Each structure stands twice: as C-alpha cells, then as structure tokens.
Amino acid sequence: MSRNILFVTSQMYPFVTGTMGIFNYSLPKKLAELGWDARVIVPRIRNVHRDYPEITEEVAQLFLPMGERLIACRVVSCLVDSVTVYLIDAPDYFDRPNLYGYEDEAERFGLFCKAVLAALPLLAFKPQLLHLQDWHTGLIPMLMETKHAGDPFYEDIQTLLTIHNLGYQGIFDRDYAALLDLQWEDWVDSGAAYYDQINFMKAGILHADAITTVSPSYAKEIATKQYGSTLEEAIQSRSEHLFGVLCGLDLQINDPSTDSRLHVTYDADTLERKAMNKAALQQALGFPIRAEIPVLSLFSRLKTEKGLDLVVNAMDDLMRMDVQFVIVSNGDDIYEDFFREAALRYPDRFAFVLYDNDFAYQAYAGSDMFLMPSGYEPCGIGQLIALRYGAVPIVRQVGGLSDSIQPFDEQTGEGNGFVFKPYFAKVMLYTIRKAIEAFHRPDSWRTVVQNGMREDHSWNKYTKQYADVYERVLNR
Numbered sequence: 001m002s003r004n005i006l007f008v009t010s011q012m013y014p015f016v017t018g019t020m021g022i023f024n025y026s027l028p029k030k031l032a033e034l035g036w037d038a039r040v041i042v043p044r045i046r047n048v049h050r051d052y053p054e055i056t057e058e059v060a061q062l063f064l065p066m067g068e069r070l071i072a073c074r075v076v077s078c079l080v081d082s083v084t085v086y087l088i089d090a091p092d093y094f095d096r097p098n099l100y101g102y103e104d105e106a107e108r109f110g111l112f113c114k115a116v117l118a119a120l121p122l123l124a125f126k127p128q129l130l131h132l133q134d135w136h137t138g139l140i141p142m143l144m145e146t147k148h149a150g151d152p153f154y155e156d157i158q159t160l161l162t163i164h165n166l167g168y169q170g171i172f173d174r175d176y177a178a179l180l181d182l183q184w185e186d187w188v189d190s191g192a193a194y195y196d197q198i199n200f201m202k203a204g205i206l207h208a209d210a211i212t213t214v215s216p217s218y219a220k221e222i223a224t225k226q227y228g229s230t231l232e233e234a235i236q237s238r239s240e241h242l243f244g245v246l247c248g249l250d251l252q253i254n255d256p257s258t259d260s261r262l263h264v265t266y267d268a269d270t271l272e273r274k275a276m277n278k279a280a281l282q283q284a285l286g287f288p289i290r291a292e293i294p295v296l297s298l299f300s301r302l303k304t305e306k307g308l309d310l311v312v313n314a315m316d317d318l319m320r321m322d323v324q325f326v327i328v329s330n331g332d333d334i335y336e337d338f339f340r341e342a343a344l345r346y347p348d349r350f351a352f353v354l355y356d357n358d359f360a361y362q363a364y365a366g367s368d369m370f371l372m373p374s375g376y377e378p379c380g381i382g383q384l385i386a387l388r389y390g391a392v393p394i395v396r397q398v399g400g401l402s403d404s405i406q407p408f409d410e411q412t413g414e415g416n417g418f419v420f421k422p423y424f425a426k427v428m429l430y431t432i433r434k435a436i437e438a439f440h441r442p443d444s445w446r447t448v449v450q451n452g453m454r455e456d457h458s459w460n461k462y463t464k465q466y467a468d469v470y471e472r473v474l475n476r
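This is the structure:
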C-alpha cells in the first residue's frame with residue numbers, strides 16, 4: 001500500500017538553491033521510487049517562484065483570521081519533475097521580493113502553518129505523515145494538539161520535524177500568540193514558552209511525533225550546551241524520538257561526467273580531463289596556469305559560524321604557501337571587504353568572486369582541494385559536492401563533516417580528505433600544509449581523489465534510512 005507524505009517547507013530547489021531547498025526537491029523524488037506518494041507544500045514567493053512551471057490547478061480558496069484581519073489565500077498546484085507541489089498563495093504576506101528578512105516573520109510563517117492545516121481537508125490527497133522543515137513549520141504540531149484537538153481528520157496524521165540548523169529558531173514576542181490561534185497559556189503549559197517569548201522551533205521539538213537532524217553527529221551535538229543553542233534540554237527530553245540521517249546528493253544535479261556547466265566533463269577514471277577544468281579556472285581567475293600548484297577553494301557563506309575568522313587570521317600565512325586560493329561566496333560585509341582587499345594584495349594567488357551557482361560548479365571542477373573549517377555544521381553539502389567533483393575536502397571535525405569525511409591514510413590508501421578538530425587557525429594551516437604535501441605525491445593524491453569520487457553519497461543511500469524513520473513513526 002502506498003504511503004502518503006507531505007513535505008512542509010519554506011523552500012524548494014530549483015527556485016531556492018540552499019541546502020534545505022535541495023533536500024525538499026531530491027528526497028521526495030527518491031521516495032517515489034520506493035513506492036511513497038511524496039508531495040511538497042511551500043509558500044508562493046513573488047521572486048522566488050516566478051519561474052515555477054505552469055500552475056495546473058487551483059485547489060482551494062482560504063480565508064484565515066490573523067487577529068482582526070481576514071487573510072485571503074489560494075492553494076494552487078504544479079508539477080516539478082513529476083512531484084506535485086502545492087503553493088500557499090497569500091499576497092499579503094508572500095508577494096514580496098525575498099523569502100526571508102521581514103519584521104513580520106511571525107505572522108508570515110504563522111499564517112503559512114495555519115494555511116497548511118486548513119488546506120489539508122481540501123486536497124485530493126491525505127498525508128499520513130507531515131515532514132516539517134525547520135522553525136518555519138514548527139507551529140504545526142502544536143496547532144494540531146490545541147486548535148485541532150479532537151478533530152478526527154487530524155488524529156491519524158503524524159508529524160516529523162527535521163532540524164536543518166538549530167541556530168535559527170523563530171523567536172518572537174509573546175503578543176503574537178493570539179494571532180496564531182494560541183493563548184500564551186498554551187505555550188507555558190506545554191513547555192514551549194521561551195523566556196517570556198514564543199519559539200517556533202521549540203514548539204516543534206516538543207510537539208512533533210519525532211525529530212530528525214541532517215547528520216548523526218549533529219543529533220548528538222545539539223543535546224549539549226555547546227551546540228544546543230539554549231534548547232539542549234528540550235532536545236534531551238525527546239532523545240528517544242530523535243534520529244540523525246545525512247543528506248544525500250542529487251546526482252542529476254551533481255555529476256561531473258554530465259555537467260554541462262563545466263569546461264569539459266570527466267569522471268574518476270579521466271582525471272586528466274579534470275586538469276583541463278583546473279587550467280580553465282586558473283585562466284578565468286587571472287592566476288598563472290600551472291598544474292603543479294594546487295588550487296584551494298571555499299564556498300561557505302561568509303559567516304563566522306562557517307570558520308571565516310580562521311581564514312582571516314590565517315590569510316597571510318596561507319598566501320606564503322605554494323597554493324592558489326579562490327573564494328566563491330557572499331555574506332557579511334566585514335568578510336567581503338576583507339577578501340576584496342586581500343585579492344588586491346595577492347592577485348596571482350587569491351581571488352574573491354561573489355557567489356554564482358554555475359561558476360561555483362566550475363570552481364569545484366577546477367579545484368584540487370576544498371576548505372570547510374566550520375565552527376558548527378549540521379550536515380554540509382559542499383563537502384559532498386567536492387568529493388563528487390574530485391576536490392579533496394579539508395574540514396573541521398564537526399557535525400555532518402565528521403560523518404562524511406575520513407582522514408586520508410597514505411599507508412593504507414583509505415580515507416577521503418584531511419581533518420582537524422581544534423578551532424585554531426594554526427591547526428587549520430597545518431592541515432592545509434599536509435594536504436599540499438600529499439598533492440605533490442601524485443600516486444597518493446590520485447588515490448584520495450578517486451576514493452572520494454567513487455563513494456556513494458547520493459540520495460540512493462540515504463532515502464532508505466529516511467523511509468525507515470518514517471515507518472517507525474507511522475507504526476509506533
């Protein structure tokens with residue numbers, strides 16, 4: 001018998017290219033291969049969703065109270081690569097240029113949660129499980145247990161919350177509670193109150209039937225004070241219902257043997273063609289075209305949590321090494337300004353390029369090494385893409401990086417990258433130096449490159465793990 005699951009999320013690839021968007025595009029497709037009827041529901045954002053395929057159906061018209069206002073919403077649907085996608089079209093809150101970053105986020109995503117629940121009885125599809133994504137959907141289990149308590153339609157629907165990043169929680173003034181069809185006492189009585197405020201993520205953690213994180217290591221880390229972002233006690237209280245499953249790669253998007261964005265395609269057996277991508281990248285960046293110098297790349301957002309303070313502190317020492325370095329990213333102004341200035345000081349060795357998705361893949365293909373020195377990293381997708389494209393990861397041992405990158409041992413030929421743990425620039429530099437030394441031993445380097453390229457980090461591997469978690473939730 002087919003299982004029905006609805007992914008409830010604020011974003012989905014290809015219209016949002018972040019990790020969570022890719023997650024909500026790739027996993028539903030793979031679940032279909034296992035016999036699941038997996039669909040997605042998202043808010044319809046003006047600029048984000050302007051290129052959606054043609055709307056195939058208007059499913060429902062909703063009128064939802066938000067305080068004294070009545071908000072009109074449409075529920076429409078379309079197909080994205082055979083996956084049915086429902087869109088909550090609420091112009092008052094979502095007909096805006098950007099997905100996030102507004103003062104009324106509590107109202108926006110509170111309305112989205114209410115609209116999803118109001119739409120469910122009107123769909124020609126009843127999910128057995130709602131797979132909720134991050135704080136933006138965390139209100140749904142709490143609403144099901146309060147506003148919709150006793151309603152037979154909702155009683156047999158289970159909820160699973162995936163925490164992509166516990167650092168973002170959706171914390172707002174308690175006065176918003178009434179707008180969200182809840183009383184302040186509901187938050188207090190359930191334990192979801194947060195220092196006299198409401199917290200969407202905490203509500204989801206305490207009320208969802210089960211919780212997953214995007215890596216096994218991150219599931220353990222968020223139960224500690226160091227990584228729990230003040231919610232470690234809530235996480236600890238749900239430990240029996242918490243699972244960690246790595247994100248996978250969608251090989252339709254991430255395959256150097258077919259990727260039309262590259263200078264030339266290649267695979268693990270044709271690394272001489274990867275070298276042609278390296279030369280093309282060096283030329284594009286204005287670097288000397290020299291095969292014997294390793295190219296190191298970094299694509300993380302320019303945020304301190306991504307270890308950018310280590311890179312800043314190490315920059316001058318790094319530029320004294322035999323390496324060419326490119327950052328393809330954007331983020332905090334303080335980092336953008338620093339790296340622009342550094343590019344002027346080291347024009348033959350360092351380049352800073354604002355993020356462009358196509359160019360990023362060309363840089364993956366042209367790089368020998370990939371740097372990811374994160375302070376914390378729930379899963380990380382960059383290191384998996386780097387493995388696939390033959391750019392050997394140099395990572396800090398944290399979160400999903402711990403689960404996906406194993407130190408390379410030249411004696412045994414095992415491992416797929418270079419790893420450090422202490423959060424110090426000197427330790428990172430030492431690890432980069434070790435990678436450069438291995439680069440100059442061609443047989444060893446070919447081994448570590450091919451190890452990574454041949455590993456299976458696709459959704460083929462991890463979809464079954466998610467399906468197993470779903471079955472545990474549905475059969476409990």
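Residue numbers (UniProt numbering): 1 to 476. Ideal Cβ placement from N, Cα and C applies to all residues, glycine included. Model, not experiment: these values are computed from the prediction.
- A direct Cα-to-Cα measurement between D156 and Q128 gives close to 7 Å.
- Boundaries for Q283: no beta strand (DSSP E) harbours it, while the alpha helix (DSSP H) harbouring it runs 271 to 285, taken from the DSSP string.
- A distance below 7 Å between beta-carbons, with the five flanking residues on each side excluded, links I171 to the following residues of its chain, in chain order: Y194, Q197, N199.
- When beta bridges are read from the DSSP output, P43 appears opposite I88.
- Annotation for P373: G307, L310, R396, M428 place their beta carbon closer than 6 Å to its own, counting only its chain and skipping 5 residues before and after.
- A direct Cα-Cα distance of roughly 22 Å separates Y346 from D356.
- DSSP places A72 in the uninterrupted beta strand (DSSP E) bounded by 69 to 80.
- Boundaries cannot be given for T230, as no alpha helix (DSSP H) includes it and DSSP labels it neither H nor E.
- In the structure shown, the three-state DSSP call for F420 is strand.
- For P97, there is no enclosing beta strand (DSSP E), as DSSP gives it neither H nor E.
- When the beta-carbon positions are compared, G248 and S215 stay at least 9 Å from each other.
- Scanning the stretch 351 to 426 for uninterrupted alpha helix (DSSP H) segments of 4 residues or longer gives 357 to 366, 382 to 388, 399 to 404, listed from N- to C-terminal end.
- Taking every protein chain shown into account, the CB of I289 has fewer than 16 other CB atoms within 10 angstroms, so this residue is exposed.
- At a Cβ-Cβ threshold of 9 Å, G366 and L387 do not count as neighbours.
- Between W187 and A203, the CB-CB gap stays under 9 Å.
- I385 sits away from F352, with the two beta carbons spaced by 9 Å or more.
- Between the beta-carbon of I394 and that of T447 there is about 16 Å, and that puts the pair past the 8 Å contact cut.
- The Cβ neighbour count for I88, taken over all protein chains shown within 10 Å, is at least 16; the residue is labelled buried.
- Secondary structure at I436: helix, using DSSP grouped into helix, strand and coil.
- Within its own chain, the residues whose Cβ lies closer than 6 Å to the Cβ of G191, once the five positions on either side in sequence are excluded, are L206, listed in chain order.
- Look at the stretch 113 to 179 and you find these whole runs of beta strand (DSSP E), each 3 residues long or longer: 129 to 133, 158 to 163, 171 to 173.
- Taking the Cα positions, A124 is about 16 Å away from A115.
- Counting C-beta atoms within 10 angstroms of its own C-beta, S402 has 16 or more neighbours from the protein chains shown and is therefore classed as buried.
- DSSP places T19 within a helical segment (H, G or I) once states are collapsed to three.
- If you check the CB distance, T212 and I163 come in under 9 Å.
- Within the model, the alpha-carbon separation for M453 versus F325 is close to 22 Å.
- Residue environment for F424: exposed (fewer than 16 other C-beta atoms within 10 angstroms of its C-beta).
- The beta-carbon distance between F370 and S297, rounded to whole angstroms, is 6 Å. This is short enough to meet the 8 Å contact definition.
- Going by beta carbons, T463 and L34 fall inside the 9 Å limit.
- The Cβ-Cβ distance between V40 and L132 does not fall below 9 Å.
- Residues T265, D267 of the same chain have their beta carbon placed closer than 6 Å to that of S257, with the five preceding and five following residues left out of the count.
- Cβ contact annotation for A177 (same chain, cutoff 8 Å, sequence separation greater than five): Q183, W184, D186, W187, I198, in chain order.
- Apart from the 5 residues on each side of it in sequence, E410 sits with its Cβ closer than 6 Å to the Cβ of S444 in its chain, given in chain order.
- The C-alpha of D104 lies about 11 Å from the C-alpha of L111.
- With 16 or more other CB atoms across the displayed protein chains lying within 10 angstroms of its CB, T137 is buried.
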